[in-house]
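Undergrad: Adding 9 to a residue's 1-based position in the sequence shown gives its number in the numbering used here.
Structure in structure tokens, see below.
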Amino acid sequence: MNLKQVAAVAGVSVSTVSRVLNGKSYVNEETRKIVTEAIRKTNYQPNALAQSLKMGRSNTICLMIPSIENLMFPKLTRGVEDEARKNGMTVFLCNTDEDAAIEKSYLETMKQRWIDGFIVCSLSSDAPHIRSLRDEGYPLVLVNRFEESDIGKVDTVTSDNFQIGYDATRYLARIGHKRIAIVCGREELLLYRERLRGYRKALADSGLPEREEYLLRESGGSNGFYYQIRELAEQGQLPDAIFCTSDPKAFVVMHALHDMGLRIPEDVAVIGVDNVSMSAMVEPPLSTMTQHLYDMGMEAAKSLIRQIEYKDKYGELPKPQRMIMNSDLIVRRSTK
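Written out as structure tokens, the structure is:
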């Protein structure tokens, strides 16, 4: 079924049917009803690409993440998708593997598909191809990964990462731990620098010293922490508690402790960040600072849709907004 056939059934011109479909030109109410009934009778389905060309919108958004295998992203992705669906939009999911060439390839493909906007969770410190999107007129939201220089220039959604580091460390100190180590994330990312800053402030406020050997940094990926924990034990410098800046890092640490025959939390307490689904299933269940990942995804989608609708109405992007989300401490059996 095509527009000509719909027009024939309705007894109107093709241009009148087109005006009813795009909703942007005046058609008297009686004619609109006749055309709408003809569309129903013929079961006409407008071509999505053609509609996009007419309206300047595709009702599709792009979500770029490092990898869906990363345990924090399934919930966040679902939050984006559910909010987008409620607003009649479809989500293209792009796994970048944190490869700039892959990101650039996806960007070009998405632009050719008349994408309405981008939610990016994979930003690296040096990513002009991402940051330039807003300058090109594309609605853009950065989630968790961005630099201080991005704040106020683009919409951002993030947890309060300083508070996460502070609250986790302060909790360990409050329940009696004196030798608290931190398993750091990649310090080129602001979110991990902020968690480290919170850890340091909590130690100072608790009257505990910061020990260089307890700053465990990534070497050879997250699995490198397995050997760093074993090395500390062999040197007789094992901490009595470890703050891990993500749950997957905590799982590696727990694996090392289990393999050494150490008890959690009796010998070493462990706390993570994220509250991914597996954190309640490991043994013992992991205490963690929850990031509200589903809500974070929803808020990112709302932020993007706000920009899309504003641009439709005013022809330009609105002033960037910043959203900082709270986190909660979930105490399970990996801490006393």
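Glycine residues also receive a C-beta, built at the ideal position from the N, C-alpha and C atoms.
1. Within the segment 153-222, note down every full beta strand (DSSP E) run reaching 3 residues or more, in order along the chain.
2. Since residue 43 contacts residue 21 with CB under 8 Å, what's their CB separation in whole angstroms?
3. Pick out whichever of 332, 169, 91 has its Cα sitting closest to the Cα of residue 201.
4. With residue 100 as the anchor, note down where its beta strand (DSSP E) starts and where it stops.
5. Helix, strand or coil: which one does DSSP assign to residue 332?
6. Rounded to whole angstroms, what's the CA-CA distance from residue 342 to residue 250? Just pull it up for me.
7. What separation, rounded to the nearest whole angstrom, lies between the Cα atoms of residue 16 and residue 136?
8. Does DSSP classify residue 24 as helix, strand or coil?
9. Classify residue 214 as buried or exposed, calling it buried when 16 or more other Cβ atoms lie within 10 Å of its own Cβ.
10. State the DSSP-derived secondary structure class of residue 321, mapped to helix, strand or coil.
11. Determine, using beta-carbon pairs with one atom in the segment 273-283 and one in the segment 220-237, whether at least three such pairs fall under 8 Å.
12. Suppose the cutoff is 8 Å on Cβ atoms and the five residues either side in sequence are ignored; what does the same chain contact list for residue 295 look like?
13. For residue 94, count neighbouring C-beta atoms within 10 Å of its own C-beta (all shown protein chains included) and say buried if the count is 16 or more, exposed if not.
14. Relative to the C-alpha of residue 244, which candidate in 222, 252, 226 has its C-alpha closest?
15. One question on the structure: do residue 71 and residue 139 come within less than 9 Å of each other, judged by their Cβ atoms?
16. Going by the DSSP bridge assignment, what does residue 252 pair with across the sheet?
17. Measuring only the C-alpha atoms, how far is residue 212 from residue 179?
18. Beta-carbon within less than 7 Å of residue 311's beta-carbon, same chain only, minus the 5 sequence neighbours each way: which residues are those?
19. Whole angstroms is fine: what's the gap from residue 52's alpha carbon to residue 102's?
20. For residue 76, which three-state DSSP category applies?
21. Do residue 13 and residue 23 count as a contact pair if the criterion is CB distance below 9 Å?
22. Quick check on the DSSP output: the alpha helix (DSSP H) that includes residue 287 runs from which residue to which?
23. Our contact map puts residue 226 next to residue 193 with C-beta atoms below 8 Å; I'd like the distance itself, whole angstroms only.
24. Please state if the CB of residue 181 and the CB of residue 173 are separated by a distance shorter than 9 Å.
25. Terminal residues of the continuous beta strand (DSSP E) containing residue 299?
26. Determine the direct distance from the alpha carbon of residue 132 to that of residue 151, and round the result to whole angstroms.
27. Whole-angstrom Cβ separation of residue 206 and residue 171, contact assumed at under 8 Å?
28. Taking the straight line between their C-alpha atoms, what separation do you get for residue 332 and residue 197?
29. Just to check my reading of the structure: residue 166 and residue 329 have Cβ atoms closer than 8 Å, yes? What is that Cβ distance to the nearest angstrom?
30. Which same chain residues end up closer than 8 Å to residue 304 when comparing Cβ atoms and leaving out the 5 residues on each side of it in sequence?
TA: So, from the listed chains and residues:
1. 164-168, 189-192
2. 7 Å
3. 169
4. 99-104
5. strand
6. 13 Å
7. 49 Å
8. helix
9. exposed
10. helix
11. no
12. 256, 259, 260, 263, 279, 280, 281, 288, 289, 341, 343
13. exposed
14. 222
15. no
16. 191, 280
17. 7 Å
18. 92
19. 30 Å
20. coil
21. yes
22. It is not in any alpha helix (DSSP H) - residue 287 carries neither H nor E in the DSSP assignment.
23. 5 Å
24. no
25. 296-299
26. 8 Å
27. 6 Å
28. 21 Å
29. Rounded, the Cβ-Cβ distance is 11 Å, inconsistent with contact.
30. 88, 334
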